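Numbering (my numbering), first residue to last: 3 to 249.
In structure tokens, the structure reads:
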């Protein structure tokens with residue numbers, strides 16, 4: 003009998019999605035229609051667990067396997083957690099929120115301790131490096147609740163690029179969400195950049211959340227929860243940094 007708690011086991015529908023056959027929902031349909039076999043027997047249900055290293059999975063008469071073993075995770079980071087693998091001060095880190103992951107993943111880029119929202123974790127060093135390298139200009143979008151009501155002039159300043167103590171900020175895309183909330187899209191990754199930009203124009207940030215990272219928009223996750231990225235999401239990230247989109 004399968005032991006669903008065995009760390010090496012994985013849900014069949016997620017395994018198939020990682021091979022690039024289709025989305026998780028598409029893989030569910032293929033399994034339910036009897037087109038997927040595990041060890042030469044029709045798969046029981048989408049949630050059945052397999053050992054990717056030992057079990058033989060076939061679709062359309064061909065063995066299918068993910069083309070690599072990298073792990074890609076999307077988290078809805080809550081405030082109050084440090085974005086690091088290990089904190090010498092003993093504070094809670096985002097790694098405390100992840101369980102059941104055997105791979106040695108690490109966060110891509112930074113989010114301040116008091117900032118929430120989308121965070122990618124992976125063990126794909128090439129992708130992580132490119133996502134944060136200025137040459138690729140991967141955009142990150144933040145929703146900022148600020149003090150006061152920014153004028154159109156203040157938003158224009160942010161859009162054109164303000165001067166920070168470590169040099170001028172590149173122009174940003176800015177959109178008003180309500181009188182005291184703005185959406186800011188930047189492609190740099192400087193420390194506390196959005197907070198410092200808003201401070202310069204006289205509207206300090208009260209709460210800040212990252213709502214998009216490159217092609218990933220929203221997470222569909224509750225605070226503090228995470229999920230593995232679907233194969234199409236990994237492809238989109240790789241295409242954004244000229245890695246060809248293969249998974």
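Where a beta carbon is used, it is the ideal one built from N, C-alpha and C, also for glycine.
As the structure is a computational prediction, the values presented were derived from the model and not from experiment.
Is DSSP giving residue 241 helix, strand or coil here? helix
Quick test of your reading: residue 100 and residue 228, contact by CB under 8 Å. State the CB separation rounded to the nearest angstrom. 6 Å
Please state if the CB of residue 183 and the CB of residue 214 are separated by a distance shorter than 8 Å. no
Given residue 173, which residues of its chain have a CB within under 7 Å of its CB, disregarding the five upstream and five downstream residues? 161, 162, 163
So residue 100 is in the alpha helix (DSSP H); what residue range does that whole segment cover? Careful: residue 100 lies outside any alpha helix (DSSP H) and carries neither H nor E.
Exposed unless 16 or more other CB atoms sit within 10 angstroms - verdict on residue 55: exposed
Taking the straight line between their C-alpha atoms, what separation do you get for residue 243 and residue 198? 27 Å
Rank 102, 85, 205 by C-alpha distance to the C-alpha of residue 123 and give the top, closest one. Among 102, 85, 205, the Cα nearest to that of residue 123 belongs to 85.
Short Cβ contact (8 Å threshold) for residue 125 with residue 107: yes
Distance CB(residue 21)-CB(residue 39) smaller than 8 Å: no
Between which two residues does the alpha helix (DSSP H) harbouring residue 33 extend? 26 to 34
Output the boundary residues of the alpha helix (DSSP H) element that contains residue 131. Boundaries of the alpha helix (DSSP H) around residue 131: 127 to 134.
In whole angstroms, what separates the C-alpha of residue 148 from that of residue 176? 13 Å
Between residue 239 and residue 216, which are expected to be in contact by the criterion C-beta below 8 Å, what is the C-beta distance as a whole number of angstroms? Right, their Cβ atoms sit about 6 Å apart.
Alpha carbon of residue 194 to alpha carbon of residue 63, nearest angstrom: 52 Å
Give the range of the alpha helix (DSSP H) segment to which residue 202 is assigned. 195 to 202
Please give the ranges of any beta strand (DSSP E) in the stretch 64 to 92, keeping only runs that are unbroken, at least 3 residues long and fully inside the region. 74 to 79
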